[in-house]
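Residue numbers (full-length UniProt numbering), protein chains in the order written: chain A, 1 to 393; chain B, 1 to 393. Think of the CB as a built atom: it goes at the ideal place given N, C-alpha and C, for glycine as much as any other residue. Worksheet: one structure, shown below.
Number of protein chains: 2
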Amino acid sequence: MENFQYYTPTKVVFGKGTEDQTGQLVAEQGCRKVLVHYGSGSVVRSGLLERIYRSLDKADIPYVSLGGVVPNPRLSLVYEGIELCRKENVDFILAVGGGSVIDSAKAIGYGAANDGDVWDFYEKKRTAQGCLPIGVVLTIAAAGSEMSDSSVITNENGWLKRGYSSNYARARFAVMNPELTMTLPKYQTASGCVDIMMHTMERYFNRCDNMEMTDGISEHLLRTVMKNAEILMSEPDDYNARAEVMWAGSLSHNGLTGCGTDGGDWASHQLEHELGGMFDVAHGAGLAAVWGSWARYVMDAAPKRFAKFAVNVMGVAPESDDTMTAVKGIEAMEEFYRTLDMPVSIRDMGIELSEEQMRELAEKCSHFGKRTIGCIRKLDTEDMYQIYRAARG
Amino acid sequence: MENFQYYTPTKVVFGKGTEDQTGQLVAEQGCRKVLVHYGSGSVVRSGLLERIYRSLDKADIPYVSLGGVVPNPRLSLVYEGIELCRKENVDFILAVGGGSVIDSAKAIGYGAANDGDVWDFYEKKRTAQGCLPIGVVLTIAAAGSEMSDSSVITNENGWLKRGYSSNYARARFAVMNPELTMTLPKYQTASGCVDIMMHTMERYFNRCDNMEMTDGISEHLLRTVMKNAEILMSEPDDYNARAEVMWAGSLSHNGLTGCGTDGGDWASHQLEHELGGMFDVAHGAGLAAVWGSWARYVMDAAPKRFAKFAVNVMGVAPESDDTMTAVKGIEAMEEFYRTLDMPVSIRDMGIELSEEQMRELAEKCSHFGKRTIGCIRKLDTEDMYQIYRAARG
Chain A
1 MENFQYYTPT KVVFGKGTED QTGQLVAEQG CRKVLVHYGS GSVVRSGLLE
51 RIYRSLDKAD IPYVSLGGVV PNPRLSLVYE GIELCRKENV DFILAVGGGS
101 VIDSAKAIGY GAANDGDVWD FYEKKRTAQG CLPIGVVLTI AAAGSEMSDS
151 SVITNENGWL KRGYSSNYAR ARFAVMNPEL TMTLPKYQTA SGCVDIMMHT
201 MERYFNRCDN MEMTDGISEH LLRTVMKNAE ILMSEPDDYN ARAEVMWAGS
251 LSHNGLTGCG TDGGDWASHQ LEHELGGMFD VAHGAGLAAV WGSWARYVMD
301 AAPKRFAKFA VNVMGVAPES DDTMTAVKGI EAMEEFYRTL DMPVSIRDMG
351 IELSEEQMRE LAEKCSHFGK RTIGCIRKLD TEDMYQIYRA ARG
Chain B
1 MENFQYYTPT KVVFGKGTED QTGQLVAEQG CRKVLVHYGS GSVVRSGLLE
51 RIYRSLDKAD IPYVSLGGVV PNPRLSLVYE GIELCRKENV DFILAVGGGS
101 VIDSAKAIGY GAANDGDVWD FYEKKRTAQG CLPIGVVLTI AAAGSEMSDS
151 SVITNENGWL KRGYSSNYAR ARFAVMNPEL TMTLPKYQTA SGCVDIMMHT
201 MERYFNRCDN MEMTDGISEH LLRTVMKNAE ILMSEPDDYN ARAEVMWAGS
251 LSHNGLTGCG TDGGDWASHQ LEHELGGMFD VAHGAGLAAV WGSWARYVMD
301 AAPKRFAKFA VNVMGVAPES DDTMTAVKGI EAMEEFYRTL DMPVSIRDMG
351 IELSEEQMRE LAEKCSHFGK RTIGCIRKLD TEDMYQIYRA ARG
């Protein structure tokens with residue numbers, strides 16, 4: 001078992017009607033002016049944004065707004081947000097939306113609290129020394145950004161998707177009303193469920209002995225998301241199913257499922273980030289498309305772990321050797337993805353990768369040969385190419 | 001599923017050698033002077049206190065010390081600590097020990113940060129408006145006070161044991177090195193394991209539908225503690241077993257195992273608190289002594305829940321009706337307590353309760369008829385008396 005730190009300072013306010021507490025929660029943070037950050041028109045159309053404004057008004061908190069965040073949030077809007085914060089003396093950012101909005105809010109927070117180009121942090125050239133405090137009203141269960149330390153931004157200049165993580169950006173509070181996720185289209189719900197599962201699976205697949213407490217929590221989380229994701233495919237308004245998935249989303253990425261491990265593998269995420277940067281695919285769908293190919297490529301380095309996953313999570317009957325059990329587990333997960341209408345190859349997303357594009361993805365993912373990814377098996381540019389090739393379909 | 005709040009701001013620094021980071025962790029809090037609070041000679045004899053002092057010296061942090069905390073920590077020492085904090089301008093309290101030391105530190109923190117008598121909070125006469133910041137170096141896995149909002153103090157004037165809970169007292173950090181718990185006597189280790197389990201069981205037994213995520217985490221936590229408690233009876237130096245139990249102790253009482261529930265029952269704790277106040281028994285042992293009698297007294301009000309516990313936690317084969325399954329689960333838990341040499345009656349602790357004492361315990365526990373306890377079944381003074389009577393043995 002490895003030493004670990006666990007730090008989740010975000011105050012979660014979970015349940016029906018909790019968005020009406022937003023103004024009060026912001027007021028508790030003692031700030032002067034809020035930037036309300038959001039995405040597309042859906043929070044406007046649903047009336048949520050209006051309710052949030054009323055809640056801020058009631059708490060006598062002045063605010064400015066910046067909408068327009070898109071999936072795979074863009075650096076250009078981050079720059080705009082930083083400028084707005086400086087001009088308006090904003091000292092608190094309220095993200096109303098899903099992972100893209102929260103990640104964009106974190107990036108704006110870094111930029112407003114530090115000198116120089118915020119992209120430096122995402123390029124790992126510098127370390128942030130602070131971040132404006134962030135609050136969240138969550139509308140999509142997926143990224144787990146509401147409790148995580150991470151933020152992923154896409155730079156349109158070269159379509160590079162890069163992540164930066166720091167405890168400074170952990171949200172002060174997260175308002176989580178599962179009802180707000182009921183109107184999500186089926187594809188986005190499914191994609192969110194895959195994303196949630198992958199945050200736990202990335203940590204679960206590692207090379208150390210791990211911790212029983214952590215393994216059991218992870219396995220239960222995965223089984224719970226699978227069960228409730230299937231319910232949501234036919235009953236999108238099932239409050240309890242929405243709530244289970246939403247809470248699992250936060251626990252999956254707040255650090256809990258990594259305690260006592262070596263940090264996890266994360267290669268699937270890195271491989272998907274480049275796909276998302278190049279093709280703007282839904283993150284969860286992209287993860288589903290590459291995971292099986294990654295798993296088959298690396299499983300020989302940790303057959304016991306993959307076999308444990310197969311038995312405890314996927315309910316596979318153990319075979320005479322771990323590798324056979326492992327393969328059945330991978331197949332069962334792909335079968336599950338199919339039941340959610342999630343892709344299990346890149347072609348399933350309607351993308352026909354050319355030879356050149358696969359090479360380009362691998363080059364970008366390895367930062368042009370400057371890094372390897374993964375820990376189950378360390379992957380270099382050629383390995384990445386082989387996995388993209390297998391995942392092409 | 002109920003609405004809930006989840007707030008665990010404590011930074012956990014877990015693993016071998018982590019106590020050497022204490023000075024640095026205190027320094028990050030930006031305080032001027034620390035009160036180092038501890039219990040008996042064991043932290044002196046082991047050299048731990050000296051290492052902590054060195055770590056504080058290295059970080060240039062001045063400190064004063066106050067030892068002498070005993071199990072069921074006393075109000076008189078809390079008063080002494082408050083006076084010392086005021087005299088020495090202490091602005092941070094470092095608790096080096098187990099639950100008693102941490103609870104005492106929290107009470108001192110309340111007293112130093114608020115005017116008037118600190119006991120008022122424990123008597124629920126007033127609400128604390130703040131608390132000095134607390135840090136923890138944990139040496140006993142049991143109470144979960146290192147991440148919880150609660151503190152239990154015994155007033156020698158009447159031997160009343162009372163609890164007070166507030167987010168103000170959540171520790172800023174908790175240093176958790178499982179090695180520090182290896183020298184604990186077997187009885188204390190077992191008692192700690194019971195305490196840990198009971199923090200989850202108190203929440204698990206409730207009258208609402210609950211949450212799948214929470215139920216599964218709770219059931220896994222209980223199974224993990226049971227398994228590793230048994231290992232520790234013969235292998236007290238098993239690092240992984242110590243670590244599983246220690247981490248389970250924090251997760252059991254930081255709020256995670258109560259998410260989505262109605263808060264839980266807590267009657268066993270209330271019944272034990274009076275026993276602890278009157279006889280100074282080890283908390284976990286006292287809980288083991290009353291739990292079975294409580295469970296049999298209330299199980300008819302929630303047979304499904306008790307049956308689920310029996311099957312998922314105790315591994316009992318389901319009977320044709322829930323009540324029969326429930327009884328088998330209670331018996332299995334008592335059998336488990338016996339394997340740890342824990343009492344399953346008050347007599348097992350060497351205490352022969354008189355009729356008068358049982359009446360007195362029930363009167364104190366109901367605050368002289370002013371409150372009921374429990375939620376599975378609301379218990380009045382007479383119910384409490386009946387449970388003490390059944391638990392007498």
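- Whole-angstrom distance between B:Cys85 and B:Val78, CA atom to CA atom: 11 Å
- Query: Mind checking whether A:Ala267 and A:Trp294 have CB atoms under 8 Å apart?
  - Reply: yes
- Apply the 10 Å Cβ neighbour rule to B:Val245 and answer buried if 16 or more other Cβ atoms are within range, or exposed otherwise. buried
- Query: Looking at the C-beta of A:Val12, does it have a partner C-beta in chain B at a distance below 8 Å?
  - Reply: yes
- Query: Which whole-angstrom value is the C-beta distance of A:Val26 and A:Ile82, which I expect to be below 8 Å?
  - Reply: With a Cβ gap of about 20 Å, A:Val26 and A:Ile82 do not count as contacting.
- For the beta strand (DSSP E) that contains B:Gly135, what are its first and last residues? Ile134 to Leu138
- Name the chain B residues whose beta carbon is nearer than 7 Å to that of A:Phe4? Phe14 and Gly15
- Query: Comparing alpha-carbon positions, which option in B:Tyr297, B:Thr22, B:Leu75 and B:Val137 lies nearest B:Val43?
  - Reply: B:Val137
- Could you spell out where the alpha helix (DSSP H) holding A:Phe306 opens and where it closes? Pro303 to Asn312
- Item | Residue range of the beta strand (DSSP E) that includes B:Thr8 | Phe4 to Phe14
- Item | A:Ile231, DSSP secondary structure in three states | helix
- Query: Name the chain B residues whose beta carbon is nearer than 7 Å to that of A:Ile217?
  - Reply: Ile217 and His220
- Task: Measuring alpha carbon to alpha carbon, tell me which of A:Ala289, A:Asn157 and A:Gly374 ends up nearest A:Asp348.
- Result: A:Ala289
- Query: Of all the beta strand (DSSP E) runs that stay within the bounds of the stretch 72-138 of chain B, which reach a length of 3 or more residues?
  - Reply: 92-97 and 134-138
- Item | B:Ser65 versus B:Tyr53: straight-line alpha-carbon distance, rounded | 10 Å
- Query: Contact check, A:Gly249 vs B:Asn3 under 8 Å by CB: the rounded distance?
  - Reply: With 8 Å as the limit, A:Gly249 and B:Asn3 do not qualify as a contact, their Cβ atoms being about 17 Å apart.
- Message: If I follow the unbroken beta strand (DSSP E) through A:His37, where does it start and stop?
- Response: Val34 to Tyr38
- Query: What first and last residue would you give for the alpha helix (DSSP H) that runs through B:Lys364?
  - Reply: Glu355 to Cys365
- Task: Determine which residues of the stretch 18-31 of chain B have a Cβ less than 9 Å from any Cβ of chain A, and write them out in chain order.
- Result: Thr18
- A:Met233: contacting residues in chain B (beta-carbon distance under 8 Å): By Cβ distance, chain B contributes nothing, its closest Cβ being about 17 Å from A:Met233, past 8 Å.
- Could you work out which residues of chain B lie near A:Ala248, taking near to mean beta carbons separated by less than 7 Å? Met213
- Boundaries (first-last residue) of the beta strand (DSSP E) holding A:Val64: Tyr63 to Leu66
- Query: Which whole runs of the alpha helix (DSSP H) in the stretch 252-323 of chain A are 4 residues long or more, in chain order?
  - Reply: 267-279, 283-298 and 303-312
- What does DSSP give as the partner residues of A:Lys161 in its beta bridges? A:Thr154
- Task: Would you list the one or two residues that DSSP bridges to A:Ile373?
- Result: A:Leu379
- Member of B:Leu35, B:Glu88, B:Gly263 and B:Leu251 whose CA lies at the smallest distance from the CA of B:Lys11: B:Leu251
- Query: In this structure, does DSSP put B:Ala142 in helix, strand or coil?
  - Reply: coil
- Indicate the three-state DSSP secondary structure (helix, strand or coil) for A:Ala171 in the structure shown. coil
- Query: Relative to the alpha-carbon of A:Val13, which residue among A:Tyr7, A:Gln5 and A:Thr22 has its alpha-carbon at the smallest distance?
  - Reply: A:Thr22
- Taking only beta carbons into account, state which residues of the stretch 290-310 of chain A come closer than 7 Å to chain B, listed in chain order. none
- What's the gap between the Cα of B:Gly41 and the Cα of A:Ala59? 52 Å
- Task: Thinking A:Ile217 and A:Thr261 are a contact (beta carbons under 8 Å), I'd like their distance in whole angstroms, please.
- Result: Not really, about 12 Å apart at Cβ, beyond 8 Å.
- Within chain A, the residues that B:Pro9 reaches when beta carbons sit closer than 7 Å: Pro9
- Return the Cβ separation of A:Gly374 and A:Asp265 in integer angstroms, given the expectation that the two are a contact with Cβ distance under 8 Å. 5 Å
- Task: Under 6 Å Cβ to Cβ from A:Tyr337, same chain only, skipping five residues before and after it: list those, please.
- Result: Ala288 and Val344
- Message: Between residue 404 of chain A and chain B, is any beta-carbon pair separated by less than 8 Å?
- Response: With chain A running from 1 to 393 in the structure shown, residue 404 of chain A is simply not present.
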